[in-house]
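The sequence shown runs 11 to 398 under the numbering used here. Ideal Cβ placement from N, Cα and C applies to all residues, glycine included. Note that the structure is a prediction, hence the values are computed from the model and not measured.
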Amino acid sequence: MPASEAKRVGVIGAGMVGVCTASWLQRDGHSVFLVEMGQPGHGASFGNAGCFNGSSVTPMSMPGVIRNVPRWLFDPVGPLSLRWSYLPAITPWLLRFVRAGTPEKVRAQARALRPLVGPTLEALKPLITAAGAEDLVHRLGHLYAYRSAESLKKDRLAWELRRENGVEIDQFDADELRQLEPALSRDYVRGVLVRENGHTSNPLKLVKRLLEHFLQSGGEIVRARAHGFRLEGRRIAAIQSDAGDLPADAVVACAGAYSKPLSAALGDRVPLETERGYHLMISDPESMPRIPTADADGKFVAMPMETGLRFAGTVELAGLAAAPDWRRARILLAQGRKMLPGLAASHPEERISVWMGHRPSLPDRCRCSVRHGPHRTSSTLLATVMSG
Ligand SMILES: Cc1cc2nc3c(=O)[nH]c(=O)nc-3n(C[C@H](O)[C@H](O)[C@H](O)COP(=O)(O)OP(=O)(O)OC[C@H]3O[C@@H](n4cnc5c(N)ncnc54)[C@H](O)[C@@H]3O)c2cc1C
């Protein structure tokens with residue numbers, strides 16, 4: 011890029027998304043600084059499942075999902091929970107969520123998502139190589155294990171959407187599944203493997219390694235909370251933060267589930283909610299899957315990590331402020347023991363750790379607003395881009 015086009019860009023949030031965004035902008039020749047109010051990599055990027063699933067084109071709101079909601083909500087070990095006191099606040103989002111789940115809309119969403127998430131690993135590769143983080147990223151695929159042929163059949167539309175968008179899969183019967191992943195319980199009788207997917211065996215270490223490289227390459231990090239923007243006319247002039255005004259020609263908000271007030275500061279009403287999720291880890295586990303494996307019925311994953319076995323999943327609708335409900339994490343342990351019968355029936359507490367984090371979530375999984383100078387358009391980004 012000609013030096014005259016290089017900008018000073020502020021990226022708000024030093025999670026996985028912010029650090030990758032900042033690194034790519036830096037590689038494009040811009041002068042880039044991150045703004046982070048906490049510890050880099052300690053938001054959702056600390057405890058996520060670590061999956062790089064380019065195949066994830068199926069929205070959360072699928073036709074028929076609403077029929078399952080009452081059953082899930084009243085099942086204490088179900089994959090979805092709602093704090094009833096939060097219902098009035100989340101009702102508008104839930105209505106949009108339900109409206110997004112028609113067959114035509116989910117097809118359109120899947121088509122929009124594939125070009126965005128499909129090339130995840132390819133987009134990450136140059137950053138991983140430059141940061142010397144190859145040891146943290148693996149491409150072993152992602153296995154979905156089913157307890158019956160009927161439950162696989164119920165997921166027909168999700169697999170159709172993936173196939174229609176170029177995702178290749180291998181299907182396994184009970185015997186083949188056992189050979190592929192011997193640690194799994196014999197209760198699973200069908201398996202679907204998506205070979206193209208990858209994962210990181212240490213999400214926090216990966217963010218730290220990428221950040222280190224960004225800083226060594228001339229990037230900066232400001233430890234402050236961003237709370238607004240100073241505009242000159244219609245152009246961004248600075249990020250307003252509790253460390254003062256941070257001059258910038260352009261800004262990318264990568265604040266994850268906390269991005270809503272930042273967009274609102276520029277007049278964009280993004281329907282962003284948090285889907286709270288939990289993980290539970292066992293260090294030195296007696297048994298661990300080789301390949302990242304999802305229990306397709308229970309809607310949780312078992313991840314082989316450097317630091318142990320991580321079970322992650324569940325959706326809790328309770329907003330950003332409510333305290334964690336650690337019973338949700340403990341449910342993952344009970345379910346995980348059923349998934350991997352080689353695990354001990356009990357573990358000393360010092361080998362167990364639990365975590366709760368905030369997924370940023372849009373009702374149709376792919377709507378957000380992008381603002382380029384005076385032009386505004388709808389797009390499938392999870393970042394709000396504001397450029398002067
Ligand atoms: C249980 C669980 C499992 C998940 N598993 C996966 C998975 O396997 N694969 C996947 O792709 N996704 C997964 N996710 C989604 C996950 O949210 C994303 O993958 C990813 O970690 C999000 O990164 P991020 O950088 O957008 O957000 P975060 O990691 O949350 O980073 C946002 C950062 O912005 C900072 N920040 C916020 N507001 C401000 C402000 N005003 N000023 C300055 N700094 C601010 C925060 O401190 C934080 O560090 C999972 C989420 C959960 C909860």
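Check                                                                                                                      : Outcome
Proximity winner among L150, G346, K135, relative to C61 (alpha-carbon distances)                                          : L150
Within 8 Å, strictly: CB atoms of L221 and P50                                                                             : yes
L153 beta carbon less than 8 Å from that of E114                                                                           : no
Cβ-heavy atom distance, S65 to ligand 1, below 7 Å                                                                         : no
P73 vs A110 beta-carbon contact at 8 Å                                                                                     : no
Cross-strand partners of P314 (DSSP beta bridge)                                                                           : L319
Chain-order list of residues whose beta-carbon lies under 6 Å from that of P373 (same chain, five-residue window excluded) : W103, R106, F107, A110, P281
Cβ pair T324, P89 closer than 8 Å                                                                                          : yes
Inter-stretch contact at 8 Å, needing at least 3 Cβ pairs: the region 270-277 / the region 232-243                         : yes
Cβ contact (3+ pairs, closer than 8 Å) linking the region 354-368 and the region 304-316                                   : no
Reference S211; option with closest CA among T112, S227, E316                                                              : E316
8 Å Cβ cutoff met for A289 and R320                                                                                        : The sequence as given places His at residue 289; Ala does not occur at that position. Cβ distance < 8 Å, so H289 and R320 count as in contact.
Cβ neighbours of H148 in the same chain (closer than 8 Å, five flanking residues each side left out)                       : G208, H209, T210, S211
Proximity to A155 [Cα-Cα], best of K135, G176, Y198, D165                                                                  : Y198
Inter-residue spacing [alpha-carbon to alpha-carbon] between E15 and A328                                                  : 44 Å
Bridge partners - V232, DSSP secondary structure assignment                                                                : V45
Whole-angstrom distance between R172 and L343, CA atom to CA atom                                                          : 30 Å
Cβ-based neighbour list, A258, same chain, cut-off 7 Å, excluding 5 preceding and 5 following                              : R18, V19, G20, I246, A248, I249
CA-to-CA distance, E174 to G57, given in whole angstroms                                                                   : 31 Å
Uninterrupted beta strand (DSSP E) stretches inside the region 287-356 (no shorter than 3 residues)                        : 303-305, 310-315, 318-327
Strand pairing of C61, partner residues [DSSP]                                                                             : H209
Check: R149 C-beta below 7 Å from any heavy atom of ligand 1                                                               : no
Residue of P12, Q36, P125 minimising C-alpha distance to G228                                                              : Q36
Of the residues Q189, L272, R235, E359, the one placed nearest P295, counting alpha carbons only                           : E359
N-terminal and C-terminal residue of the beta strand (DSSP E) that P370 is part of                                         : 362-371
Sub-8 Å separation of I179 and L203 beta-carbons                                                                           : yes
Cβ pair R93, A322 closer than 8 Å                                                                                          : no
Host alpha helix (DSSP H) of R196 (start-end)                                                                              : Counting along the chain, R196 falls outside any alpha helix (DSSP H), and DSSP gives it neither H nor E.
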